[in-house]
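Engineer:
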Amino acid sequence: MADSSPQKGNSTDDGDQKQLQGLIVSLFLVLNREAARKSRLRKKAYVQQLESSRVKLNQLEQELQRARQQGFYLGGYSNDQSHAAASSGAAAFDMEYGRWLEEQQRQMTELRTSLQAHVSDDELRVLVDAAMSHYDEIFRLKTAAAKSDVFHLVSGMWKTPAERCFMWMGGFRPSELLKILIPQLEPLTEQQLMGICNLQQSSQQAEDALSQGMEALQQSLADTLATGSLGAASNVANYMGQMAMAMGKLGTLENFVRQADNLRHQTLQQMHRILTTRQAARAFLAIGDYFGRLRALSSLWAARPRE
1 MADSSPQKGN
11 STDDGDQKQL
21 QGLIVSLFLV
31 LNREAARKSR
41 LRKKAYVQQL
51 ESSRVKLNQL
61 EQELQRARQQ
71 GFYLGGYSND
81 QSHAAASSGA
91 AAFDMEYGRW
101 LEEQQRQMTE
111 LRTSLQAHVS
121 DDELRVLVDA
131 AMSHYDEIFR
141 LKTAAAKSDV
151 FHLVSGMWKT
161 PAERCFMWMG
171 GFRPSELLKI
181 LIPQLEPLTE
191 QQLMGICNLQ
201 QSSQQAEDAL
211 SQGMEALQQS
221 LADTLATGSL
231 GAASNVANYM
241 GQMAMAMGKL
251 GTLENFVRQA
261 DNLRHQTLQQ
271 MHRILTTRQA
281 ARAFLAIGDY
291 FGRLRALSSL
301 WAARPRE
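In terms of full-length UniProt numbering, the sequence shown opens at residue 1 and continues consecutively.
1) Going by beta carbon distance, what residues of the same chain come within less than 7 angstroms of Leu-185, once the five residues before and after it are set aside?
2) Straight-line CA distance for Leu-268 to Ala-162?
3) Short check: CB of Val-150 to CB of Leu-253, under 7 angstroms?
4) In terms of DSSP beta bridges, what is Trp-168 paired with?
5) Is the shortest distance between the beta-carbon of Leu-111 and the beta-carbons of chain C less than 7 angstroms?
6) Would you tell me roughly how many angstroms separate the C-alpha atoms of Gly-76 and Ser-155, rounded to the nearest one?
7) Is it true that the stretch 283 to 292 meets the stretch 97 to 112, where meeting means three or more beta-carbon pairs spaced less than 8 angstroms apart?
8) Helix, strand or coil: which one does DSSP assign to Gln-114?
9) Output yes or no for whether 7 angstroms exceeds the beta carbon distance between Gly-170 and Arg-264.
10) Distance check for Met-95 and Ala-85, CA to CA, integer angstroms please.
11) Please name the residue in Glu-123, Ser-203 and Ala-146 whose C-alpha comes closest to that of Asn-255.
12) Leaving out five residues before and five after Met-132 in sequence, what residues of the same chain have Cβ atoms less than 6 angstroms from its Cβ?
13) I'd like to check one pair, Leu-210 with Gln-259: are the Cβ atoms closer than 7 angstroms?
14) Express the C-alpha separation of Ser-220 and Ser-120 in angstroms, rounding to a whole number.
15) Are the Cβ atoms of Asp-223 and Phe-139 separated by less than 7 angstroms?
16) Assign Arg-264 to one of three DSSP states: helix, strand, or coil.
17) Report the start-end ranges of each alpha helix (DSSP H) in the stretch 202 to 228 that is 4 residues or longer and not cut off at the edges.
18) With distances taken from CA atoms, which of Ala-90, Arg-112 and Ala-130 is nearest Trp-158?
19) Helix, strand or coil for Ala-303? Go by DSSP, reduced to three states.
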């Protein structure tokens with residue numbers, strides 16, 4: 001009897017140890033399952049993040065592709081219309097620009113007839129003011145179009161091919177236009193000639209400054225896009241960061257185009273103030289004829305015989 005109690009105690013201790021070991025094993029199993037569950041959740045979240053990044057990248061690529069697809073010119077040039085459909089804003093601008101050209105043609109016909117008929121200065125002034133207001137309208141339309149799709153304006157897809165050859169930042173160079181006009185406006189008084197020459201010089205300086213700014217933007221944009229490896233899946237965050245930075249820089253393009261249009265607009269307004277009514281009528285007629293000939297040249301080039 002005396003020896004039975006220690007054996008019973010040892011048996012109890014062994015049972016407690018086994019129970020404790022069982023609890024420890026169970027606890028480890030629970031912890032392992034919890035760790036595995038959290039790992040699965042992290043993996044799922046990571047996969048979702050990658051998928052979200054992939055969707056965002058696709059959206060960016062589609063947006064860039066849309067910007068490259070530049071739209072069409074409603075005047076009827078098949079080579080231009082081979083491009084993909086323009087954005088709704090670009091298409092709306094193309095339609096408005098087509099109507100603007102039609103109205104300009106009507107105004108040019110009226111100006112030409114009035115000059116040939118030697119109407120009074122008062123009658124002619126009404127037509128000249130209408131021509132200036134018509135240019136005010138195209139710059140208003142271009143401002144709205146730049147906000148919608150600045151690439152469409154800069155690419156010149158709304159112009160004919162011959163016009164695009166002479167384009168500068170979405171339009172004509174004011175200084176070059178003044179060079180073309182001076183012979184058409186003679187005789188000019190000494191004061192008028194000085195005013196036109198000063199206007200041409202200031203326009204040239206502003207053009208140079210804008211061109212330098214555009215070159216700096218292009219270089220900065222190229223440096224941003226060329227940094228690092230943009231194609232690796234492991235660099236999605238870097239890719240998104242670089243593209244966001246590039247998009248921010250690209251946003252300044254609209255500002256450059258707007259400043260270039262302001263320069264064009266102000267040059268026409270200043271020219272209008274320097275000239276007499278009849279000289280201004282001849283100037284607007286010469287501008288319309290010049291761009292009309294460029295459009296006609298594009299049509300003739302497209303219709304030329306091909307071997």
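Just so it is clear, CB atoms sit at the ideal spot from N, CA and C, and this is done for glycine as well.
Structural biologist: A quick look at the data gives this:
1) If you number the sequence shown from 1, residue 185 lands on position 185. Contacts found: Leu-275, Gln-279, Arg-282 and Ala-283.
2) Walking along the sequence shown from the start, residue 268 turns up at place 268. Walking along the sequence shown from the start, residue 162 turns up at place 162. Cα-Cα distance, rounded: 22 angstroms.
3) As a first step, residue 150 is located in the sequence shown; it is residue number 150 there, counting from the start. As a first step, residue 253 is located in the sequence shown; it is residue number 253 there, counting from the start. In this structure, the beta-carbon distance from Val-150 to Leu-253 falls below 7 angstroms.
4) By one-based count along the sequence shown, residue 168 stands at place 168. According to the DSSP secondary-structure assignment, Trp-168 is paired through a beta bridge with Gly-171.
5) Looking for chain C here will not work: only one protein chain is present.
6) As a first step, residue 76 must be located in the sequence shown, where it is residue number 76. As a first step, residue 155 must be located in the sequence shown, where it is residue number 155. Any reading at Gly-76 must be qualified, since the residue scores a pLDDT of 36, below 50, and its modelled position is unreliable; no value is offered.
7) Touching, yes, given that three or more Cβ pairs across the two stretches are closer than 8 angstroms.
8) By one-based count along the sequence shown, residue 114 stands at place 114. Note that residue 114 is Ser in the sequence shown here, rather than Gln. Correct three-state label for Ser-114: helix.
9) Residue numbering aside, residue 170 sits at position 170 when the sequence shown is read from its first letter. Residue numbering aside, residue 264 sits at position 264 when the sequence shown is read from its first letter. By the CB criterion at 7 angstroms, Gly-170 and Arg-264 fall outside the cutoff.
10) Translated into positions along the sequence shown, residue 85 becomes position 85. Translated into positions along the sequence shown, residue 95 becomes position 95. In this prediction, Ala-85 has a pLDDT of 39, which is less than 50 and means its spatial position is unreliable; what the coordinates show is noted afterwards. Distance between the alpha carbons of Ala-85 and Met-95 is about 13 angstroms.
11) Looking up residue 255 in the sequence shown gives position 255. Ranking Glu-123, Ser-203 and Ala-146 by Cα distance to Asn-255 puts Ala-146 first.
12) Here residue 132 is taken as the residue at index 132 of the sequence shown, counted from 1. Once the five neighbours on either side are set aside, the close Cβ partners of Met-132 are His-272.
13) Position 259 of the sequence shown, counting from 1, holds the residue named residue 259. Position 210 of the sequence shown, counting from 1, holds the residue named residue 210. Yes.
14) Reading the sequence shown from its first residue, position 120 is the one you call residue 120. Reading the sequence shown from its first residue, position 220 is the one you call residue 220. Each residue's alpha carbon lies about 55 angstroms from the other.
15) Position 223 of the sequence shown, counted from the first residue, corresponds to residue 223. Position 139 of the sequence shown, counted from the first residue, corresponds to residue 139. For Asp-223 and Phe-139, no; Cβs fall outside 7 angstroms.
16) Here residue 264 corresponds to residue number 264 of the sequence shown, with the count starting at 1. It is helical.
17) Runs of the alpha helix (DSSP H) lying entirely within the stretch 202 to 228, each at least 4 residues long, are absent.
18) Indexing the sequence shown from 1 puts residue 158 at position 158. Put simply, of Ala-90, Arg-112 and Ala-130 the residue whose alpha carbon is nearest the alpha carbon of Trp-158 is Ala-90.
19) In the sequence shown, residue 303 corresponds to position 303, counting from 1. It is coil, neither helix nor strand.
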